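Undergrad:
2 protein chains.
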Amino acid sequence: MQIDRSPLARPFPQLPAIAGVTLRVARARYKAWDRCDLTFAELAEGTSVAGVFTKSACASSEVELGRDAVKLGRARALIVNAGNSNAFTGWRGRAAVAAIRAQVSGALGCGLDEVFVSSTGVIGVPLPIDKAQAGIAAALEAAPCSWEDAAKAIGTTDTFTKGAGAAALIGGTRVELAGFIKGSGMIAPDMATMLGYIFTDADVAPAFLQEALERANAATFSCITVDGDTSTSDTVMAFATGKAGNARIEGWDSPGADAFAAALGDVCRELAQLVVRDGEGARKFVTIRVSGAVSDDSARVIGLAIANSPLVKTAIAGEDANWGRVVMAVGKAGEPADRDRLSIAFGGVWAARNGVPVEDYDEAPVAAHLKGEEIDIAVDLGLGDGRATVWTCDLTHGYIAINADYRS
Amino acid sequence: MQIDRSPLARPFPQLPAIAGVTLRVARARYKAWDRCDLTFAELAEGTSVAGVFTKSACASSEVELGRDAVKLGRARALIVNAGNSNAFTGWRGRAAVAAIRAQVSGALGCGLDEVFVSSTGVIGVPLPIDKAQAGIAAALEAAPCSWEDAAKAIGTTDTFTKGAGAAALIGGTRVELAGFIKGSGMIAPDMATMLGYIFTDADVAPAFLQEALERANAATFSCITVDGDTSTSDTVMAFATGKAGNARIEGWDSPGADAFAAALGDVCRELAQLVVRDGEGARKFVTIRVSGAVSDDSARVIGLAIANSPLVKTAIAGEDANWGRVVMAVGKAGEPADRDRLSIAFGGVWAARNGVPVEDYDEAPVAAHLKGEEIDIAVDLGLGDGRATVWTCDLTHGYIAINADYRS
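Chains B and R, in that order, give the protein sequences. Converting from the first sequence to my numbering requires adding 14 to each position, the first position being numbered 1. Converting from the second sequence to my numbering requires adding 14 to each position, the first position being numbered 1.
1) For residue 371/R, count the other beta carbons within 10 Å of its own beta carbon; 16 or more makes it buried, fewer makes it exposed. Which is it?
2) Excluding five sequence neighbours on each side, which residues of the same chain lie with their C-beta closer than 7 Å to the C-beta of residue 291/B?
3) How would you write the range of the alpha helix (DSSP H) that residue 279/R sits in, first residue to last?
4) Counting only Cβ-Cβ distances shorter than 7 Å, please list the residues of the region 107–141 of chain R near chain B, keeping chain order.
5) Does the beta carbon of residue 383/B sit closer than 9 Å to a beta carbon anywhere in chain R?
6) Measuring CB atoms only, is the region 350–365 of chain R touching the region 274–288 of chain R, in the sense that at least three cross pairs come out at less than 8 Å?
7) Can you have a look at residue 188/R and say buried or exposed, based on whether 16 or more other CB atoms are within 10 angstroms of its CB?
8) Which term fits residue 69/B, buried or exposed, when burial requires 16 or more other beta carbons within 10 angstroms of its beta carbon?
9) What are the residues in the region 59–73 of chain R lying within 9 Å of chain B by C-beta distance?
10) What residue from 141/B, 348/B, 329/B and 295/B has the CA that sits closest to residue 317/B's CA?
11) Give the residues of chain B in contact with residue 52/R, contact being defined as C-beta atoms less than 9 Å apart.
12) At the 9 Å Cβ level, is residue 14/B part of the contact set with chain R, yes or no?
13) Using the rule of at least 16 other Cβ atoms within 10 Å of the residue's Cβ for burial, across every protein chain shown, is residue 105/B buried or exposed?
14) Quick check on the DSSP output: the beta strand (DSSP E) that includes residue 123/B runs from which residue to which?
15) If I'm right that residue 14/R touches residue 173/R with Cβ under 8 Å, what's the distance once you round it to whole angstroms?
16) For residue 398/B and chain R, any beta-carbon pair shorter than 9 Å?
17) Do the region 128–141 of chain R and the region 73–93 of chain R meet, that is, are 3 or more Cβ pairs less than 8 Å apart?
18) By the 8 Å beta-carbon criterion, what residues does the region 293–320 of chain B contribute toward chain R?
19) If we cut at 9 Å on Cβ distances, does residue 172/R have a partner in chain B?
20) Within the continuous alpha helix (DSSP H) that includes residue 413/B, where are the two ends?
21) Counting contacts by CB-CB distance shorter than 9 Å, is residue 371/R in contact with chain B?
22) Please classify residue 405/B as buried or exposed, where buried requires at least 16 other C-beta atoms within 10 Å of its C-beta.
23) So with CB distances below 8 Å, who are the chain R contacts of residue 166/B?
24) Could you tell me whether the region 247–264 of chain B touches the region 211–226 of chain B, using the rule of 3 or more Cβ pairs below 8 Å?
25) Say whether chain R places a C-beta atom closer than 9 Å to the C-beta of residue 236/B.
26) Say whether chain R places a C-beta atom closer than 9 Å to the C-beta of residue 423/B.
27) Going by the CB atoms, is the gap between residue 41/B and residue 149/B shorter than 9 Å?
28) Identify, in the order they occur along the chain, each residue of the same chain with its Cβ nearer than 6 Å to the Cβ of residue 286/B, setting aside the five sequence neighbours on each side.
29) Is the shortest distance between the beta-carbon of residue 374/R and the beta-carbons of chain B less than 9 Å?
30) Can you find a CB in chain B that lies within less than 9 Å of the CB of residue 394/R?
31) Quick check: is the beta carbon of residue 414/R nearer than 9 Å to any beta carbon in chain B?
32) Which class does residue 348/B belong to by DSSP, given the choice of helix, strand or coil?
33) Using the beta-carbon of each residue, which ones in chain B are nearer than 9 Å to residue 176/R?
34) Rounded to the nearest angstrom, what separates residue 403/R and residue 55/B at their Cα positions?
35) Would you say the region 138–155 of chain R touches the region 93–108 of chain R, given that touching needs at least three Cβ pairs under 8 Å?
36) At 7 Å on the CB atoms, spell out the chain R contacts of residue 248/B, in chain order.
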């Protein structure tokens, strides 16, 4: 089945070179296709690394090994395989990752734990070691490639290539950030995986990089959902080469720490939103702002309950300001809520306030808003100061077609 | 939009009269339709009552008042309004329920707390008191009706009428149970609600009836899902008139207690499964058996994570034995699981065992099984003795059509 480019797609941005990062791609041919499907990012000595990984109890070997290795804080290489996720493959899967690490650490003269591997694609089939090794050998010989080439090579069922960049000033020194991501398309028998990577020339201590990435992740990647289903391979990593020559950021008290964290947050937010824009069957990009919750975390849980509700998502697909379904989703979230203090708005127009429909509610501007591509839902719980913003897409026939009809 | 009768529908069963229960229906005309939409069940003096209600934090006034009144354990009447859920209507909604209780308690000479009210249908519109009162007056004058008539009158977007019965021996005395339920159809701007009622002539103390209903609920209604969305009005109640003349069941030690609880469980299971069979757009009835979990509760959570996964549900709609999606759902459930001990079967054929695909896996019988209407998925976690069975339906274009396309 040919899947059309998402109507919510964005063009790939101009991204600067990052000193200390060399990107290469190769054809490992993990599937019967003629495209680059192995991405090799070589990183300068002294590169700091951080990572956040799927919370799945059935995570892939790549995730298990990566989760351990980021604790050591050093990276020299990232290898991403597209077309085979190597998930649910037992000891054979672990052996494939070990073989890749051994080959790359030999070639670069670095430690095994400085080589990070991600894989995405079909599950239950061990990653073929021969193809991986030939692909890596080819990548080591290849000329450096662009951000867009690398971003394209990690994609599977993505309908467009996704990247984002930002810059920050650290004590007068300009540092650059550039990242790319894949995710949210899916086709039999593959499983969607979100893999995202951010590179910077900033000099950042690994512990701070990890803290900043976790903070950014909590407000971005952890606030998006397409269908509420969590991959066994989800991974977001950040690499800091230190080539910009700024005074090293050791903690939040270091000069430029906030500016760097803000720039990292911007890149993460843009990458996260691009995944939603490529949500399967998506026709509308939905922003859900929750306020008045008892805590920020409670607001996020409520926002995700709304964003994951099939009834809310189909109502948006149907361009219907069905606030009753939002009430339902708030009620089922398992977080504190008071029906008689709850207020709901679409496109800035309050449909219900304090538990009752607004008397002179004007549906015309709301109907017009819902016909657009960018939908805004606001929910105020009237209980406290907790707030969160989450992003999702609508649930359409396209989703069913992509996930159920692929055999026809 | 006309919605076809579910292909998974079952005929309404023959149900015996229950001494002490008189059913009547009337036309309150809560919507512009010509059908009975008010059900009035009059219950003999001394009837015990029990109830389980939605956990929604935004429950309707009917639920709030009913939840309090069941604690007193006595019922003389049940009124069910179809076409208007009276949810999210603030003080006007509470006033409507109070008016109904006052009218019925006056007519029957009983306490306000012995009158139970449920409503289902459009939300955000206060139940019109004049229509409710005229409907109740008409019902009080009407001739008694059948179980099927009563079951039909509580329906909204149901595509078939749902009932179930059972009998049990209590110390040599035969007691009868009969119940009906509505739920799982939905159409704009209505919200799905599951309302179920079970009546018996057994003599059962209210505290035991509540305990038996909660136990049955945990293994039946709490183990079904269509789309993971929880209504603000969900209600299941049991009424025991005591007219059978058995020795009263006071607790689990009373003669016949287990037999009665088993019969109640049978009725609840059948009613719960009928709701799934009328799931929006359902083409397949799916049974998910989880074993080897660390506890029964953990098994239920994992089963529901599988049953609620859009990716699993669309794979079933696509007749694809996509066990990778089952792995994904197990992984995201938030319960203990070990990828390398996980086994998954479709239709009794193991596709994956202990974390790896079965080597000589024969897909032919599995493919044949998935073409049928009754799908069986077994998951063994290999960790403990916890087990649970949950029921759901597939996710099809019909679901999207019902919930998103209704304006077209």
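Ideal Cβ placement from N, Cα and C applies to all residues, glycine included. Predicted model, so just to flag it, every value in this text is computed and none were measured.
TA: On the basis of the coordinates in this document:
1) Buried, by the Cβ-count rule.
2) Contacts found: 20, 22, 23, 24 and 299.
3) For residue 279/R, the enclosing alpha helix (DSSP H) starts and ends at 271–291.
4) Those residues of the region 107–141 of chain R that come within reach of chain B (Cβ to Cβ, closer than 7 Å) are 137 and 138.
5) No Cβ of chain R is located within less than 9 Å of the beta carbon of residue 383/B.
6) Touching, no, given that fewer than three Cβ pairs across the two stretches are closer than 8 Å.
7) Residue 188/R is exposed by the Cβ-count criterion.
8) Exposed, by the Cβ-count rule.
9) For the region 59–73 of chain R, which is checked against every Cβ of chain B, the residues closer than 9 Å are 68, 69, 70, 71, 72 and 73.
10) Nearest in C-alpha terms to residue 317/B, of all of 141/B, 348/B, 329/B and 295/B, is 348/B.
11) The premise fails here: residue 52/R is roughly 22 Å from chain B at the closest Cβ pair, so nothing lies under 9 Å.
12) Look at the range of chain B in this structure, 15 to 422, and you will see that residue 14/B is not part of it.
13) Residue 105/B should be labelled exposed.
14) No residue range can be given for residue 123/B, since it is assigned to no beta strand (DSSP E) and is classified by DSSP as neither H nor E.
15) Outside the displayed span of chain R (15 to 422) sits residue 14/R, for which this structure offers no information.
16) No - not a single Cβ of chain R is within 9 Å of the one on residue 398/B.
17) Segments in contact, yes.
18) Of all residues in the region 293–320 of chain B, none has a Cβ within less than 8 Å of some Cβ in chain R.
19) By this cut-off, residue 172/R is not an interface position.
20) Its alpha helix (DSSP H) spans residues 411–418.
21) At least one chain B Cβ lies under 9 Å of residue 371/R.
22) The residue in question, residue 405/B, is buried, as its Cβ has 16 or more Cβ neighbours within 10 Å.
23) Simply none; closest approach about 24 Å.
24) With three or more CB-CB distances shorter than 8 Å, the region 247–264 of chain B counts as touching the region 211–226 of chain B.
25) Using beta-carbon distances, residue 236/B does not count as an interface residue toward chain R, since no partner is under 9 Å.
26) Residue 423/B lies beyond the range of chain B shown here (15 to 422); nothing can be said about it.
27) Yes, Cβ-Cβ distance for residue 149/B and residue 41/B is below 9 Å.
28) Excluding five sequence positions before and after residue 286/B, the CB atoms of its chain that fall closer than 6 Å to its own CB belong to 234, 235 and 238, given in chain order.
29) Taking Cβ atoms only, chain B never reaches closer than 9 Å to residue 374/R, which makes this a no.
30) Closer than 9 Å: no.
31) Yes - at least one Cβ of chain B is within 9 Å of the one on residue 414/R.
32) Residue 348/B carries a coil assignment under DSSP once its states are collapsed to helix, strand and coil.
33) Simply none; closest approach about 21 Å.
34) Whole-angstrom Cα-Cα distance: 47 Å.
35) Under the Cβ criterion (8 Å, minimum of three pairs), the region 138–155 of chain R counts as touching the region 93–108 of chain R.
36) Listed along the chain, the chain R residues whose CB falls inside 7 Å of the CB of residue 248/B amount to none; the nearest CB is some 10 Å away.
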